[in-house]
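In what follows, a structure is listed as structure tokens, so that the remarks can point back to it.
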Amino acid sequence: MDINSLKDLGTTEKEQLVKSRIGQGKLKELLIKKDCKCKICGLNDERFLIASHIQRWAESNDNERRDTNNAFLLCSDHDWLFDKFYISFDDAGNISLNDSLDKVIYENLKISKDLNNISLNSENKKYMKWHRKEFYKKNNI
1 MDINSLKDLG
11 TTEKEQLVKS
21 RIGQGKLKEL
31 LIKKDCKCKI
41 CGLNDERFLI
51 ASHIQRWAES
61 NDNERRDTNN
71 AFLLCSDHDW
81 LFDKFYISFD
91 DAGNISLNDS
101 LDKVIYENLK
111 ISKDLNNISL
121 NSENKKYMKW
131 HRKEFYKKNN
141 I
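Numbering (full-length UniProt numbering) for the sequence shown: 1 to 141.
See the structure below:
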């Protein structure tokens with residue numbers, strides 16, 4: 001459908017051009033082949049897993065966007081926490097938490113300060129350095 005051929009869309013709709021992330025589906029496929037589960041909770045149903053970039057898509061060049069070392073499979077809840085910088089990880093895979101969220105929320109999402117099961121290779125660590133820097137900046141640490 002050509003967006004220019006549309007007549008009146010009404011007051012509750014609008015025309016817009018949409019940017020699509022080319023390669024995001026392929027990245028998820030590659031991550032699933034490596035380890036088909038959420039890096040944090042272990043959920044292993046690919047329908048609920050997201051290829052979550054460590055260094056944001058917008059901050060990455062084309063190669064970094066497609067690099068499987070710049071992404072984890074995360075379930076939607078943990079992807080949201082990671083993407084919004086409520087959680088991050090040090091080079092040893094230990095979690096850091098944003099203190100602005102109530103402890104009960106973290107507990108309900110199966111997150112605790114004792115979480116240290118995230119394995120990172122040297123390339124993951126390069127991208128995680130960027131994520132930690134943003135985590136500290138967003139959380140005034």
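Note that the Cβ used here is the ideal one computed from N, Cα and C, for glycine as well. None of these values were measured; they are calculated from a predicted model.
Counted within 10 angstroms of its Cβ, other Cβ atoms place residue i as buried (16 or more) or exposed
i: residue 79; result: buried
i: residue 51; result: buried
i: residue 136; result: exposed
i: residue 119; result: exposed
i: residue 38; result: buried
i: residue 132; result: buried
i: residue 122; result: exposed
i: residue 108; result: exposed
i: residue 141; result: exposed
i: residue 61; result: exposed
i: residue 75; result: buried
i: residue 105; result: exposed
Nearest-angstrom Cβ-Cβ length linking residue i and residue j, presumed shorter than 8 Å
i: residue 73; j: residue 31; result: 5 Å
i: residue 103; j: residue 41; result: Contact doesn't hold; Cβ gap of about 17 Å is too wide.
i: residue 83; j: residue 125; result: The pair is not a contact, with the Cβ atoms about 19 Å apart (cut-off 8 Å).
i: residue 85; j: residue 134; result: 6 Å
i: residue 147; j: residue 53; result: Because the chain spans 1 through 141 in this model, residue 147 falls outside it and cannot be assessed.
Boundaries of the beta strand (DSSP E) in which residue i is found, first to last residue
i: residue 95; result: 95–97
Residue span of the alpha helix (DSSP H) that contains residue i, given as start and end
i: residue 138; result: 122–138
i: residue 103; result: 103–108
Three-pair Cβ contact test at 8 Å for the stretch 90–97 versus the stretch 58–74: Cβ pair count under 8 Å is below three, so no.
At least 3 beta-carbon pairs within less than 8 Å: the stretch 100–117 vs the stretch 54–63: Flag = no, the stretch 100–117 and the stretch 54–63 do not touch.
Any alpha helix (DSSP H) of 4 or more consecutive residues that is wholly inside the stretch 15–90: Qualifying alpha helix (DSSP H) stretches, in chain order: 24–34, 62–66 and 76–83.
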